[in-house]
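Those letters in the sequence shown? Residues 415 to 735, by our numbering.
Beta carbons are placed, not taken as given, at the ideal position from N, Cα and C, and that holds for glycine.
The model shown is predicted, which means the values in this text are computed figures rather than measured ones.
Quick notes on the structure that follows.
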Amino acid sequence: MRAWRLIATVAVVGFGLAVSVAWPQDDDAAGSDAALIDYVVATVDGEAITWTALRDETELRGLRVDSALDRRQTMHLLVDELLFVREARNFVIIADGAVDEAMRAAPVHPDTDEGVSAEARRERVRRQLMLAQFAERAFGPRVSRATDADVESHYEAHLDDYRVPAQYRLGSVRHHVAPGSSPAQDAHARATLDALRDQLDAGSVSLAELAGRASEDALLSVDADADWVAESALSAAVADAAGRLAVGEWSDSLRVGAGHAIVQVDEVAAAWTQELGPELADVIARSLRAEGLQALMQTWLEERRLSADIRILDPDLLVPT
């Protein structure tokens, strides 16, 4: 038999508790213990932030709920968000359809979404949409569009951001040594690689043949068909060698991680810098506008923090027991 379901929430500020009383959905459960206890960990002008909200947001941000530092970081973010949301309610109403569309477009993060209800994720998306529209309506008209001079100045000041590093395809032969190896073991590894390099240069052995030999030698490993890798992703020793080698040339023995290696540049794509064309200029102009919005929002937020009655009722943000 169906029954009414009533949820009454009472915030007991002095004790830092929020008591949620949930009536059962059928008569058979009437005798069960239906009281659910949730902690109020903070209030903003009397509006509560509960332990459940803190836990869910911490998980959705990919942080650790069992870390006091992560919980405290999330709490500050929730307080700031609530300050914005309380103001945004006066400006923005987000339709359910907009939330549905945003959730369909949002990437799925199984590791962080696990344990968080669909309703909590949905309300988080609604708040994000609300804040984005609030920022545009409240502060957007006060942000001037970046001029061509602004864009060019930003480009010149951040030129490194638009440089694409050199890319390499490297063949390699590695000789592994055990941690704490002796000088004699290191010398043996280098001598082995030097001999293999001479054979490769002379054409008396191919990299494919070495790969077959390495399958039977636990100390050797061969990469004969490597993917492209950016110079910035290489170790300092390998990057330096790759920059000096001609295509097809093998390096001397290099110390790399737990062993030694010789490398060969199979292909190279030189570093280049993206030109300031119309497409990049538009990207920079939009980023400058976003920075202007962010600066105005930060100033507004700092003023609201001073005027709002913000109370952290559980200073340690402890897990309810």
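- For Y582, there is no enclosing alpha helix (DSSP H); the residue is part of the beta strand (DSSP E) that begins and ends at 581-590.
- One alpha carbon belongs to R658, the other to A685, and they sit about 14 angstroms apart.
- Counting along the chain, A683 sits inside the beta strand (DSSP E) bounded by residues 673-683.
- The Cβ-Cβ distance between W642 and R577 does not fall below 8 angstroms.
- Following the DSSP letters along the chain, one finds E663 in no beta strand (DSSP E), marked with neither H nor E.
- Per DSSP, A509 lies in no alpha helix (DSSP H) segment and is marked neither H nor E.
- DSSP, read as helix, strand or coil, puts R559 in coil.
- DSSP places L634 inside the beta strand (DSSP E), whose first and last residues are 634-637.
- CA-CA distance, S635 to A592, rounds to 14 angstroms.
- The beta-carbon separation of A502 and F553, rounded to 12 angstroms, does not stay under the 8 angstroms limit for a contact.
- Distances from the CA of R485 to each of E495, F498, D470 were compared; the closest alpha carbon is that of D470.
- Cβ-Cβ distances below 8 angstroms link L496 to V458, E461, I463 in the same chain, with the five nearest sequence neighbours on each side left out; the list follows chain order.
- Where R627 is concerned, there is no enclosing beta strand (DSSP E), although the alpha helix (DSSP H) around it starts and stops at 621-628.
- The alpha-carbon separation between I726 and V455 amounts to approximately 6 angstroms.
- Annotation for A601: the continuous alpha helix (DSSP H) segment containing it runs 597-616.
- When Cβ pairs closer than 8 angstroms are counted between the two stretches, the segment 616-631 is seen not to touch the segment 701-716, the count staying below three.
- Counting along the chain, A546 sits inside the alpha helix (DSSP H) bounded by residues 532-553.
- In the DSSP assignment, R485 falls within the unbroken alpha helix (DSSP H) covering 482-502.
- Distance from the CA atom of A722 to the CA atom of R541, rounded to whole angstroms, is 20 angstroms.
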